[in-house]
Each structure stands twice: as structure tokens, then as C-alpha cells.
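In what follows, a single structure is set out as C-alpha cells and then discussed.
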Amino acid sequence: MNDAAPATTPDGPWLIVGLGNPGPSYAANRHNVGFMVADLLAERLGGGFRSHRASRAMVLEGRLGPPGGGGPRVVLAKPMSFMNVSGGPVGALCSFYRVPPDRLVVVHDELDIGYGVLRLKRGGGDNGHNGLKSITSTLGKDYFRVRFGVGRPPGRMEVAAFVLRDFSAVERKDLDYHVDRAADAAAALVTEGLERAQSQYNG
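So the sequence shown is numbered by the UniProt record's numbering: it starts at 1 and just counts up by one.
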């Protein structure tokens, strides 16, 4: 494996990061929906993630759009640190691939919007999300987010317990649909720009 840094080019890559926690015990958690979206995008690119030793992340490089269509260069990534220290791997990836904040897209779970609802934005606060908090402390806040709604915890359930539980049986019935739509939204943000992607997917 060669982790030599790529040469800088005018057509630099986009970095799409799906947030989650590593390991099978977390795989189906609400907090891991960013990983689910990244996995689907990787499937669409027809490749598999590989370990990127310089950043403690799994990465896949490719181009969005139809095969052979010369779409934008992208690096898909899943940090292999735990959520609350995601900023280290994401910062290392941005440095390695020379990705500025305006080419970084972070896909994450969002408590303050309903299950399956998407909101695309650039910048803003972290809303108590530890993964975003860590990335912002490393890179500043001027990056793109694909916010995947998981809703608020019921009753008096603690937020941490809620996001570290698997999606409910009812939610799982159409989870694939919502993950597919979030992957479409991330791709549209890169290929069509924020405003057009927002008009299609913010709901």
C-alpha cells in the first residue's frame, strides 16, 4: 500500500466523510448512519474501502457520476477512531489529499429533525454532536454537512443511549430508502452545488 501524498492539481478531490463508530457492535446504531451512507456510495463506485495508515481511516477514491463520465474526483472516508475524536482522522485526510473545507462533506445523524428527513447546509454549530465538535475544533466550521434526521429520544431516555441504539424495527422498514436518498444528496451536493442539492433534498 502506498500512502504517498497525491500531487496538487486544480481539479482537487472532494472528501465525503461518513461519521460513525468502528466495530460490529455499533454497525446498526443511529449514530452510524454516516457509515451506512458512505458504504452505499462505495458500492455505487464499485470499489472497496482500504486502510489509510496516515489518517486512521478507511478510504476509497473514485469519481462520481456515470462510469467513464469524468465526474468529480472524490475520496470517501470512514474514520476508524471513535466518534468524539473524528477530527483527528478527518484533519489528517484533508491535509493528505489537500482538501480545503469547501470541498469537505460530512454525513452525520441529527437529533433535531425527524427520522429520515435531510438537511444540507454549510457551516454552523455542532448542535451537541461530538463528531462535528471534534471536526470543527480541528478544521473550523466552514464545511458542508448532510444531516440525516434520527429524531429525539423518547421520554427521558438519554441522548447518548438513544443514538447508540439500533434503529427501531419500524424505522428499519424504510431505512434503506432514506440512506439511498442521503447518498443521492451527498452526490448532488458535489456534482450540482449546495443550492440545487438543497432544493431537491431539504425536506
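Ideal Cβ positions, reconstructed from N, Cα and C, are used throughout, including at glycine.
Query: Residues that Asn-29 bridges to, as DSSP identifies them; Result: Asp-166
Query: Per-residue burial, Glu-192 [other beta carbons within 10 Å of its own, 16 or more giving buried]; Result: exposed
Query: Supposed close pair His-31, Leu-132 - CB separation, criterion 8 Å; Result: 12 Å between Cβ atoms; not a contact.
Query: Leu-120 versus Pro-101: straight-line alpha-carbon distance, rounded; Result: 15 Å
Query: Cβ-Cβ distance between Leu-76 and Leu-118 below 8 Å; Result: no
Query: Any alpha helix (DSSP H) of 4 or more consecutive residues that is wholly inside the region 96 to 142; Result: 130 to 139
Query: Inter-stretch contact (C-beta, 8 Å, three-pair minimum) for the region 41 to 58 and the region 162 to 181; Result: no
Query: Leu-41, DSSP secondary structure in three states; Result: helix
Query: 7 Å CB neighbourhood of Asp-112 in its chain, flanking five on each side removed; Result: Asn-127
Query: Candidates Gly-116, Leu-139, Met-157: closest to Val-150 by CA position; Result: Gly-116
Query: Between the CA atoms of Gly-203 and Tyr-97 - distance to the nearest angstrom; Result: 32 Å
Query: Close beta carbons around Pro-22, own chain, < 6 Å, minus the five adjacent residues each side; Result: Met-80
Query: Val-105 and Ala-186 closer than 8 Å at C-beta; Result: yes
Query: Cβ-based neighbour list, Arg-145, same chain, cut-off 6 Å, excluding 5 preceding and 5 following; Result: Val-106, Lys-121
Query: Beta strand (DSSP E) segment containing Glu-61, residue limits; Result: 57 to 63
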